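Enquirer: Heads up: the sequence shown begins at 74 in the numbering used here, then just goes up one per residue.
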Amino acid sequence: MRFRDELRDFFRFLRRPGFTPRLPGRRAGDGWWQDWFPVLSVGRLLKWALFLWLVNLVFLGPIAVAAAGVGGATHRLRLDDIPWLQALLWAPIIEELVFRYGLRRLGHAWWMVPVAVATMFMGPKWPGVLALTGILVVCWLPYLAGTPSARRPLPWKYRTAYRGLFPWVFHLSSVLFAAVHLYNFNLHQTPLWLLPLLVLPQWLTGLVLGWLRIRRGIGASMLLHALFNGGPLLIVWIVIQVAPDLAM
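Below is the structure:
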């Protein structure tokens, strides 16, 4: 499937989010394994990352910068003190578990979301790392124990009801994902109506990650999330190496 075909599928999905069809390329086998370890090339992930970088840089980023200037918001990030591990490893895993894992695993969402939210706010310190490890073990336990079929599906009536609500759930998850990133700013006296503009890039990113989670799996959305975060960090690293005075 060409990238342009996936792009068209993404925009169709936004108009009417649904669980089917899966994108071509999935191998026959256990759905759990396919969810965490999808068959997807690095080149295709890179194209999606380039799409997000381009749209955010040319369109949404300038809007966010202008909104910050009008409202007096400033970014918390310091170029000389970037949380590399948090951006490249912690955030892609924990944020995907919070906002997107339960989109296809509703039976896990009732415990996953509150526990993952608490873990996210713990941050990448030892209590948070241990909690995240525990979440992953619980998710993987049936497969690790060799009993993937022991996972009982939700009753049909609940799945039917969820399908009807899914478009709302999907878009709400993207909005909440963007809203969490307001923490990246010192908002000062920024008017409430400007706040959504500050996180437009994160909103678009959340839409793409959510689509990829549904179409390819949670492992694909985690990988794209890490790759998307890694691009700007690479530029910052180059700036620090070439012109360290600009990072001070």
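Quick reminder that beta carbons are idealized off the backbone N, C-alpha and C, glycines included.
For clarity, every value in this text was computed on a predicted model and none was experimentally measured.
Going by DSSP in three states, F239 sits in which element: helix, strand or coil?
Expert: What you label residue 239 is simply residue 166 of the sequence shown in a count that begins at 1. It is helical.
Enquirer: Assuming N257 contacts A160 (C-beta within less than 8 Å), just tell me the rounded distance between them.
Expert: The sequence position of residue 257 within the sequence shown is 184, counting from 1. The sequence position of residue 160 within the sequence shown is 87, counting from 1. Actually they do not touch by this definition, with Cβ atoms about 11 Å apart.
Enquirer: Mind checking S247: buried by the 16 CB within 10 Å criterion, or exposed?
Expert: In the sequence shown, residue 247 corresponds to position 174, counting from 1. Buried, since its Cβ has 16 or more Cβ neighbours within 10 Å.
Enquirer: Let me check understanding here. Comparing Cα to Cα, which of V143, Y235, R286 and L87 lies closest to H261?
Expert: Sequence index remark: in the sequence shown, residue 261 carries index 188 (1-based). H261 has its Cα closest to that of V143, out of V143, Y235, R286 and L87.
Enquirer: Are the beta-carbon atoms belonging to W157 and P197 less than 8 Å from one another?
Expert: To locate residue 157, count along the sequence shown from 1; it is residue 84. To locate residue 197, count along the sequence shown from 1; it is residue 124. Cβ atoms of W157 and P197: not closer than 8 Å.
Enquirer: Are the CB atoms of L271 and A141 nearer to each other than 8 Å?
Expert: Working through the sequence shown from its first residue, we reach residue 271 at position 198. Working through the sequence shown from its first residue, we reach residue 141 at position 68. Yes, Cβ-Cβ distance for L271 and A141 is below 8 Å.
Enquirer: Using a Cβ-Cβ cut-off of 7 Å (strictly less than) and excluding sequence neighbours within five positions of L227, which residues of its own chain qualify?
Expert: Against the sequence shown, residue 227 aligns to sequence position 154. Here the set comprises L179 and G180.
Enquirer: What's the gap between the Cα of L203 and the Cα of G292?
Expert: Position 130 of the sequence shown, counted from the first residue, corresponds to residue 203. Position 219 of the sequence shown, counted from the first residue, corresponds to residue 292. One C-alpha to the other measures close to 20 Å.
Enquirer: Tell me, please, which residues DSSP counts as bridged to T147.
Expert: Here residue 147 refers to the residue found at position 74 of the sequence shown. In DSSP, T147 forms a bridge with N259.
Enquirer: Classify A218 as helix, strand or coil using the three-state DSSP reduction.
Expert: Position 145 of the sequence shown, counting from 1, holds the residue named residue 218. Note: A218 maps to coil in three-state DSSP.
Enquirer: If I measure Cβ to Cβ from G304 and keep anything under 8 Å in the same chain, skipping five residues before and after, which residues do I get?
Expert: Numbered from its first residue, the sequence shown carries residue 304 at position 231. The residues are A122 and W126.
Enquirer: Whose C-beta lies closer than 7 Å to the C-beta of V297 among residues of the same chain, with five residues either side of it excluded?
Expert: Along the sequence shown, read from residue 1 onward, the residue named residue 297 stands at position 224. According to the sequence shown, residue 297 is Leu rather than Val. Only L118, W121, A122, L282 and L285 meet the Cβ criterion.
Enquirer: Alpha carbon to alpha carbon, how far is F87 from R81?
Expert: For this step, residue 87 is matched to residue 14 along the sequence shown. For this step, residue 81 is matched to residue 8 along the sequence shown. According to the sequence provided, residue 87 is Leu. The question's Phe does not apply to it. The alpha-carbon atoms of L87 and R81 are separated by roughly 10 Å.
Enquirer: Under 7 Å Cβ to Cβ from T278, same chain only, skipping five residues before and after it: list those, please.
Expert: Counting from 1 along the sequence shown, the entry for residue 278 is found at position 205. If we look at T278 and ignore the five residues flanking it on each side, its Cβ neighbours are L125 and F301.
Enquirer: Measure the CB-CB distance between F250 and F172 and report whether it falls below 8 Å.
Expert: For the purposes of this step, residue 250 is taken as the residue at position 177 of the sequence shown. For the purposes of this step, residue 172 is taken as the residue at position 99 of the sequence shown. Yes. Within cutoff.
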